[in-house]
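The sequence shown runs -21 to -1, 1 to 414 under mature numbering (1 follows the signal peptide of the UniProt record, and there is no 0).
Written out below as structure tokens is the structure these notes cover.
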Amino acid sequence: MPLNKHLVAAVILLAASSSCIRTFGQHPNRKPAAGNGPDGVPQATFLVHRLGSDHAEGITTIDMNGDGRPDLLSGSYWYENPGPIGGEWKRHQYRTVEIVGEFVSDCGEWTVDVNKDGAPDVVTTGWMTNGVYWYENPKKPDVMWQRHKIADSIDTEGGAFADINGDGKPDLALGHYNHSGILWIDFSGPEPRVHHLGDEHQDGHGIGIADIDGDGKADVLTPFGWFKNIDANHDKWEWHSDWDLADAGFPIIGYDVNNDGRLDLIYGQGHGYGLYWLEQQGDATHRTWVKHIIDESFSQSHALALVDIDGDGEPELLTGKRYRGHNGTDPGSYDPLVVYYYKIDRKTGRFTRYPISVNGTAAVGSHFIVQDLDGDGDLDLATAGKTGVHYYENLMINTVPKTTREEQLFLNKDWPFPGEGEVVPWDNGPPKPKK
């Protein structure tokens, strides 16, 4: 294939489903139009850029140099955004992050103006650090950021970042793999305010923030149930042990999947195979939950997001495989790496899978971000993990000159993208997880 046809090939990359999910293959009677998925549904396609080999598992954005562009921050480094015409993402060090064996201490990074000085700071937590910390923005280039401890927090692999107490500002809720009790942090005051919630029987791997009962207040979701928000500011909660999600990923998502007026759950298995949604049935006096399979073909869906990635006005589910969770001892640790998004049919509750990256170098770590990174009007994706930092450029809107694009495609380590051509359904259901 001549080089100048590679972009066309990228735009016709396909994966979808007539029932729940389809996988890649050949189908003799279907040939979708370029730029669309099966049955003419518009599809977002992506060009994957590997920015560096640093293997922190958290990532966030801040305009570090004041040029109006969101730069990527992960671990010890920030990557300078080259702008809408593309180019090199130059790496700069801004802090020092501990590395213990394969573990970089950060499993989550969030942007918050902690000290209210008008400059965004970085809040972090991690598996090895025994703490939640914030790094103070010095507001000067080439000055290392100073670390401050917010709270003790052992064995933390991620969090949920959303408004809990109804003040319109995002809070951070953290779960712990060692079941030491949930904590959530309110950043609205002059100093972070730490709240403790529940005990070791209610805490675990995975956490979410969503209004389960529809009373207008954000509840806190754990792998073993949910805390009804009575008065979060005064630490008044009501526990409901409605489910057991095992090692759920981050965050546990609340969304009305089947459009019946009840909030359902979407979650992945952070250290095993399986991506699921939990259907809420019944009423406030007696809730029941029914588990449905979304995808069981890959393991370690440790991070998830629900966002409109293809611009159709409806949110899609984004997730992918983590590489070598628990140093390679998790099921499927060495399976091919995948990153997918799923369109949701709210009439049937079915999920249709589309590829973002398959069998390349890109993997999803403990958490990722979705944001318009190149300023072209569509949403892009950025991940960090043990395979490095990756930027997934959404090609639905393209502002990069043709010559630059051809050079990028020629040098791209993830090209050619798998899945060119057509698709075929799983006639007997999805492949079984490997033992």
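Note that beta-carbon positions come from the ideal geometry of N, C-alpha and C, so glycine has one too.
Asked	Found
Short Cβ contact (8 Å threshold) for G328 with H271	yes
Option nearest H369 by Cα separation, candidates L51, N144, D42	L51
Cβ-based burial, G4 [other Cβ within 10 Å; buried from 16]	In this prediction, G4 scores a pLDDT of 26, lower than 50, which makes its location untrustworthy; the coordinate-derived value is nonetheless stated afterwards. That one is exposed.
In chain order, each beta strand (DSSP E) run of at least 3 residues that lies wholly inside the segment 258 to 329	265 to 278, 283 to 286, 295 to 299, 317 to 324
Proximal residues to A284 (C-beta, below 6 Å), its chain only, five neighbours per side dropped	L297, V349
Test item: CB-CB of M123 and Y156 under 8 Å	no
P315 burial status per 10 Å Cβ neighbour count (16 or more: buried)	exposed
Beta-carbon proximity list for G247, same chain, < 6 Å, skipping 5 on both sides	G228, L254, S280, L283, T298
The segment 59 to 66 touching the segment 83 to 99, judged by at least three CB pairs closer than 8 Å	no
Own chain, CB closer than 7 Å to G290, minus 5 neighbours either side, in chain order	D357, M375
Cβ distance (whole Å) where A139 is taken to contact Y320 below 8 Å	Contact doesn't hold; Cβ gap of about 20 Å is too wide.
Cβ-based neighbour list, R325, same chain, cut-off 7 Å, excluding 5 preceding and 5 following	V236, N237, N238
Beta-carbon contacts of S167 that lie in its chain and below 7 Å, excluding the five residues immediately before and after	D146, K148
Identity of the residues DSSP links to I78 by a beta bridge	V83
Candidates H127, H28, I78, of which the one nearest D100 by Cα	H127
Neighbourhood of S55 by C-beta, 8 Å cutoff - its chain only, sequence neighbours within 5 removed	D33, A35, Q72, Y73, R74, T75, V76
Nonlocal neighbours in the same chain, by C-beta distance under 8 Å from G110, ignoring five residues either side	T104, K128, I129, A130, D131, S132
N373 - containing beta strand (DSSP E), residue span	368 to 373
First through last residue of the beta strand (DSSP E) which encompasses N208	204 to 210
Inter-residue Cα distance where the pair is P171 and V379	42 Å
E385 - DSSP class collapsed to helix/strand/coil	helix
Proximity to A361 [Cα-Cα], best of N377, I335, E386, I143	I335
Cα-Cα separation between L200 and D274, rounded to whole angstroms	22 Å
Closest by C-alpha distance to D134, when choosing among D150, D121, E179	E179
Residue span of the beta strand (DSSP E) that contains T201, given as start and end	198 to 201
Exposure label - residue 425; buried when at least 16 CB within 10 Å	With the chain covering -21 to 414 only, the question about residue 425 has no answer from this structure.
Helix, strand or coil at H184 according to DSSP, with G and I counted as helix	coil
Limits of the beta strand (DSSP E) - the one that H155 falls within	H155 -> no beta strand (DSSP E), and no H or E assigned at all.
Reduced DSSP secondary structure (H/G/I, E/B, other) of H34	coil
Buried versus exposed, by CB contacts within 10 Å (16 or more), V269	exposed
Cβ shell of G204 (< 7 Å), same chain only, five flanking positions each side left out	Q181, W218, H219, S220, D221, W222
Start-to-end residues for the beta strand (DSSP E) that takes in I164	161 to 165
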